[in-house]
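Numbers in my numbering are just positions in the sequence shown, counted from 1, shifted up by 490.
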Amino acid sequence: MIKIIGFDADDTLWHNESIFDRAQQRYRALLAKYHPAAEVDRVLFETEVRNMPLYGYGVKGFMLSTVETAIELTRGAISAPEIREIVALGQEMLAHPVELLPSVAEIVPALARDYRLLLITKGDLHHQERKIAASGLAAHFSAIEILSEKDGAAYARVLRRHGVAIEEFVMVGNSVKSDIVPVLELGGAGVHVPYHITWQHELGVEVPPNQPRFRKVDRLAELPPLLPAL
Numbered sequence: 491m492i493k494i495i496g497f498d499a500d501d502t503l504w505h506n507e508s509i510f511d512r513a514q515q516r517y518r519a520l521l522a523k524y525h526p527a528a529e530v531d532r533v534l535f536e537t538e539v540r541n542m543p544l545y546g547y548g549v550k551g552f553m554l555s556t557v558e559t560a561i562e563l564t565r566g567a568i569s570a571p572e573i574r575e576i577v578a579l580g581q582e583m584l585a586h587p588v589e590l591l592p593s594v595a596e597i598v599p600a601l602a603r604d605y606r607l608l609l610i611t612k613g614d615l616h617h618q619e620r621k622i623a624a625s626g627l628a629a630h631f632s633a634i635e636i637l638s639e640k641d642g643a644a645y646a647r648v649l650r651r652h653g654v655a656i657e658e659f660v661m662v663g664n665s666v667k668s669d670i671v672p673v674l675e676l677g678g679a680g681v682h683v684p685y686h687i688t689w690q691h692e693l694g695v696e697v698p699p700n701q702p703r704f705r706k707v708d709r710l711a712e713l714p715p716l717l718p719a720l
């Protein structure tokens, strides 16, 4: 019987990847005179992945990687004003207002009346704290965890810290890799709520077959009726 619900934040409760997508479109346009878009995307992604052990996830790491990629792709020819434009892109992303996804403002408070809610997200601590505060949802969660990585070991630590029995826990999120599979492997339940854009780094992982505690829904409004059966 489910008693505790874990929610991912970015692209589960509010828009995030679409902000990155728009910024990357502008970044491609800025570098278009140097390289085609596909090459810019390829090198940028490789740079992001290489830098993750240093920067972690989030806008700040992305911004540093865009500057590094621009210098590499232009062989140092990129100008100071162009670098200033790239930095401005990142600053706009950090300042972007929080936009809740449909039904979130109604579903989260309603579930908080019957279940204990945990917010479990990853990324830059300062930026995530600002977004959580701006969302207006913080009061509905009994605990908030901002992790550097979301894998089985991290979830196990979080659940142990909050005295959560895995069989009473369901994780709700848009990423199969980060939100669903690690919890299923621990013996918990998972509900996948896809976002219309998925970051390349989160692709390539599928839910194993024959998972009785897994569900996939199109929108968060479909979640409440599923919970008793998990």
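For glycine and all other residues, C-beta sits at the position ideal for the given N, C-alpha and C. All values reported here derive from a predicted model rather than from experimental measurement.
Beta-ladder partner(s) of residue i, from DSSP
i	result
Ile492	According to DSSP, which records beta bridges pairwise, Ile492 is partnered with nothing at all.
Sequence-distant residues of its chain with Cβ nearer than 8 Å to residue i (five each side left out)
i	result
Ala527	Arg518
Thr564	Leu521 and Tyr524
Ile509	Met583 and His586
Glu619	Ile636
Val557	Ile573, Ile576 and Val577
Val707	Val681, His682, Val683, Leu713 and Leu716
Leu554	Asn541 and Tyr545
Delimiting residues of the alpha helix (DSSP H) encompassing residue i
i	result
Ala527	Ala527 to Tyr545
His616	Leu615 to Ser625
Arg703	Unbroken run through Arg703: none, as it is neither H nor E.
Val697	Segment: none, Val697 is in no alpha helix (DSSP H) and carries neither H nor E.
Val681	Run containing Val681: none in the alpha helix (DSSP H); it sits in the beta strand (DSSP E), Ala679 to His682.
Val671	Val671 to Leu676
Leu520	Glu507 to Leu521
DSSP state of residue i mapped onto helix, strand, coil
i	result
Arg606	strand
Glu635	strand
Leu590	strand
Ala711	helix
His691	helix
Val548	The sequence given here has Gly at residue 548, not Val. The answer is coil: DSSP assigns Gly548 none of H, G, I, E or B.
Val598	helix
Ala646	helix
Asp641	coil
Thr611	strand
Close beta carbons around residue i, own chain, < 6 Å, minus the five adjacent residues each side
i	result
Ala644	Leu637
Pro672	Asp641, Gly642 and Tyr645
Leu717	Ile492
7 Å CB neighbourhood of residue i in its chain, flanking five on each side removed
i	result
Leu676	Gly642, Tyr645, Ala646 and Ile656
Gly548	Gly613, Asp614 and His617
Ser648	One point to set straight first is that residue 648 is Val, not Ser, in the sequence displayed. Around Val648: Ile610 and Glu635.
Range of the contiguous beta strand (DSSP E) that encloses residue i
i	result
Val577	No beta strand (DSSP E) contains Val577, which is instead part of the alpha helix (DSSP H) from Ala570 to Ala585.
Glu663	Sequence inspection shows Gly at residue 663; the Glu mentioned does not correspond to that position. That run of the beta strand (DSSP E) goes Phe659 to Gly663.
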